[in-house]
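Student: In the working numbering, the protein residues as written are 69 to 637.
From the three backbone atoms N, C-alpha and C, an ideal C-beta is built for every residue, glycine too.
Computed from a predicted model, the values in this text were never measured in an experiment.
Let me begin by handing over the structure; questions about it come next.
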Amino acid sequence: MRMSALQDQDDGEPQQGGVVRAALRPVRNRTAETPLDTGQDVHSSLDSHASARMRWVIVFVVCLAVWLIARMVFFVGIAGSDDLYYFRYAALWDRPPVNDWEARLLGNVLTRGAMAAFGRTELAAVLPSLAASALMLASVLYWCRNHGTLRQAWWGGVFLAVLPIDVEMATTISPHTIMAALMGAGTLAFLYQPATRTTRFLSALFLSLGVITHFAGIYYVAALALASLCVDHRRYSRTVVLTLAVGIVLTIADLAVFHFAFGDAFGRFRVCLAEVNTDKPGMLMTGHGTLNPGFILWPVVHLPFSKAFGASLLAVVILGVRRYRRVDPRLRILLTVIAVFWIWMSFGSQIPWEYRPFLRMSRFLQPLTFAVAVLFATLVVDTHWRRLSAAFTGAVLATCVFCLLAGGSWGENVTISKELLTYVASYPEKRFVTDYHTHNEVYVINGATAVPNIVTINHVPRSRLLDPDVAMIDPSELQPDDEILCNPLNVARVPQFAEFTDKHAAGLRFETKPAYRDICRIVPPLRQHPWALRKPPARVFACNPVSQSRRLTQRIESTFATSSAKPAG
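The structure is reproduced here in structure tokens:
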């Protein structure tokens with residue numbers, strides 16, 4: 069007890085508010101602090117301690133089971149987006165990074181290690197993301213174990229287990245998930261009481277590694293530092309300074325890796341700056357000089373309800389603002405972090421007007437997962453109005469499950485490519501032509517190995533293809549026996565190939581069954597709506613091109629046959 073008191077004084081914690089902090093701290097070793105008179109009291113206390121430990125073990129096991137089931141049911145795997153580049157580069161590692169995704173070396177190293185151990189499969193590639201999600205769950209439960217109650221741990225753990233953004237991003241190749249988990253563990257160590265040199269160093273290390281994993285993490289660290297200094301600068305100032313120092317050291321190490329591995333210390337920054345987002349929808353002003361409503365509305369719409377967080381973000385913000393002065397300072401820090409980070413990622417990263425490095429996607433808000441889960445467990449679950457709290461908690465969890473069940477076609481394009489690859493494997497003697505998106509997906513699904521009898525039309529630069537040796541042909545070079553692989557979700561992204569496919573739509577050779585959204589499987593009447601379709605069918609068309617000379621011959625033969633059929637004079 070004396071050591072804890074000395075550490076608290078060493079951290080510079082002011083004495084006011086001690087009652088609140090003491091009330092929120094769990095009682096530890098109560099039996100050791102209370103004099104015992106009889107052996108019966110000793111056994112009773114030990115039994116009570118063992119029973120409490122068993123209840124916590126049950127909470128951990130149940131939350132982990134829900135976490136695992138949710139990720140098995142809603143597994144994404146290869147989604148056909150940035151993860152294609154992560155997979156290919158981690159599997160081959162055959163050149164210096166040429167884009168922002170390849171330049172994220174830490175995540176690619178983890179993916180490469182997983183695939184080296186378990187093969188070039190989807191499951192192996194997403195293992196780092198799954199491990200990061202498990203770390204996030206452990207961080208939330210550890211917080212509730214040390215700074216909360218058993219009830220908070222139950223609902224906080226289940227909430228994180230079904231949180232849509234964590235479920236979806238944890239089951240695909242995503243440095244966002246790794247970065248968010250490192251930020252969660254770093255925040256846990258940052259706010260841990262009593263603070264020690266070890267927890268300070270772990271906090272600085274985790275937060276800095278998160279920034280190295282994905283540069284968007286630097287804004288979360290900045291928000292955490294700002295919030296902690298505003299709420300209690302005496303306690304957290306040294307941790308902030310240590311985090312800055314460790315971050316500088318790891319950044320220098322990152323530069324050194326690029327220098328010795330690729331001969332360019334600033335290669336990562338050059339690649340990232342070359343791909344700065346300049347998309348028009350993110351601009352504050354339109355081309356006509358008027359205010360762009362989408363710039364203001366997108367973040368506002370995603371605050372009350374989004375597929376990523378459901379209604380949880382709004383719930384913790386409302387209850388947090390209402391009880392801001394009455395909650396523990398650490399919870400105030402988390403609330404401030406949510407506000408600062410959300411405002412910056414929504415508006416600040418788009419201003420000044422020429423600085424737009426991040427697309428407006430909810431995945432960039434993923435570092436808030438730990439804060440949202442902890443505040444949900446503390447503010448939403450544990451209130452004075454138990455019945456209202458239970459109803460509100462159930463509504464938030466139900467919203468998260470609904471968002472998962474109503475998920476759209478993200479990743480279904482790869483499912484279609486798998487169906488097409490299965491069809492191709494049945495006809496090794498045939499040649500198949502497809503668009504470059506589908507070819508990239510088939511190449512990655514096949515373990516970053518080319519499929520010899522699949523080619524693509526030369527309507528895009530070769531630099532967009534993950535396989536540098538793929539054959540690119542002109543439509544005039546097609547043979548009568550060639551077949552066209554049509555992935556509807558990808559064809560819609562390539563107008564030139566869509567026009568080419570439409571010309572051969574009459575020659576349908578193969579078609580798979582469509583798939584509906586999960587919520588439409590549960591409620592069949594919903595299938596009548598157009599949005600109910602999640603995966604359109606994969607199709608294969610016969611090519612049968614007709615050359616110009618053949619067309620001329622057919623026209624002459626047709627004219628001759630018509631004139632011969634006319635009756636004489």
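I need the DSSP call for residue 366, collapsed to helix, strand or coil.
Tutor: Note: residue 366 maps to helix in three-state DSSP.
Student: Residue range of the alpha helix (DSSP H) that residue 432 falls in?
Tutor: Unbroken run through residue 432: none, as it is neither H nor E.
Student: Beta strand (DSSP E) containing residue 298: first to last residue?
Tutor: Where residue 298 is concerned, there is no enclosing beta strand (DSSP E), although the alpha helix (DSSP H) it sits in stretches over 285–330.
Student: Is DSSP giving residue 278 helix, strand or coil here?
Tutor: Residue state, collapsed to three classes: helix.
Student: If distances are taken between C-alpha atoms only, which option among 467, 594 and 534 comes closest to residue 149?
Tutor: Cα-wise, what sits closest to residue 149 is 534.
Student: Identify the continuous alpha helix (DSSP H) that holds residue 568 and give its terminal residues.
Tutor: It spans 563–570 - the alpha helix (DSSP H) in which residue 568 sits, taken as one unbroken run.
Student: Assign residue 468 to one of three DSSP states: helix, strand, or coil.
Tutor: In the structure shown, residue 468 sits in a helix (DSSP, three-state: H, G or I).
Student: I need the boundaries of the alpha helix (DSSP H) containing residue 233, first residue and last residue.
Tutor: Start and end: 232–238.
Student: Apart from the five residues on each side of it in sequence, which residues of its chain come closer than 6 Å, Cβ to Cβ, to residue 200?
Tutor: Closer than 6 Å at Cβ, skipping near neighbours: 245, 246 and 249.
Student: Any idea if residue 170 is buried or exposed, counting beta-carbon neighbours within 10 angstroms, 16 or more meaning buried?
Tutor: Result: buried.
Student: Provide the residue(s) that pair with residue 579 in DSSP beta bridges, ordered along the chain.
Tutor: According to DSSP, residue 579 bridges with 607.
Student: If we ignore side chains and look at the alpha-carbon of each, how far apart do residue 604 and residue 408 end up?
Tutor: Spanning the two alpha carbons is a distance of roughly 41 Å.
Student: Quick one: what's got a C-beta closer than 8 Å to residue 487's C-beta in the same chain, skipping five residues either side?
Tutor: Excluding positions up to five away in sequence, the list reads 580 and 606.
Student: Are residue 559 and residue 155 close, meaning C-beta to C-beta below 8 Å?
Tutor: The answer is no: Cβ separation not under 8 Å.
Student: Whole-angstrom Cβ separation of residue 269 and residue 292, contact assumed at under 8 Å?
Tutor: So it is not a contact: roughly 16 Å between Cβ atoms.
Student: Pairing CB atoms from the stretch 362–381 with CB atoms from the stretch 425–444, are three or more of them under 8 Å?
Tutor: Output reads yes: the stretch 425–444 touches the stretch 362–381.
Student: Give me whichever residues DSSP pairs with residue 269 in a beta bridge.
Tutor: Residue 269 pairs with nothing; no bridge assigned.
Student: Output the distance between the C-alpha atoms of residue 592 and residue 402, rounded to the nearest integer angstrom.
Tutor: The alpha-carbon atoms of residue 592 and residue 402 are separated by roughly 42 Å.
Student: Looking only at its own chain, which residues have a Cβ that is under 6 Å from the Cβ of residue 222, when we skip the five neighbours before and after it?
Tutor: Excluding residues within five positions, the ones whose Cβ falls inside 6 Å are 127.
Student: Under 8 Å, with one C-beta from each stretch per pair, do the stretch 459–472 and the stretch 510–528 reach the 3-pair mark?
Tutor: Judged by Cβ distances under 8 Å, the stretch 459–472 makes no contact with the stretch 510–528, as fewer than three pairs qualify.
Student: For residue 241, report the span of its beta strand (DSSP E) as first-last.
Tutor: Premise fails: residue 241 is in no beta strand (DSSP E) and is neither H nor E.
Student: Which residues in the same chain as residue 100 place their Cβ atom closer than 6 Å to its Cβ, once the five residues preceding and following it in sequence are excluded?
Tutor: Because the pLDDT of residue 100 is 40, which lies under 50, any placement of that residue in the model is unreliable, and the question is left without a value.
Student: Which partner residues of residue 487 appear in the DSSP bridge assignment?
Tutor: Per DSSP, none; premise fails for residue 487.
Student: Since residue 239 and residue 172 are thought to touch, with beta carbons under 8 Å apart, how far apart are those beta carbons, to the nearest angstrom?
Tutor: Actually they do not touch by this definition, with Cβ atoms about 19 Å apart.
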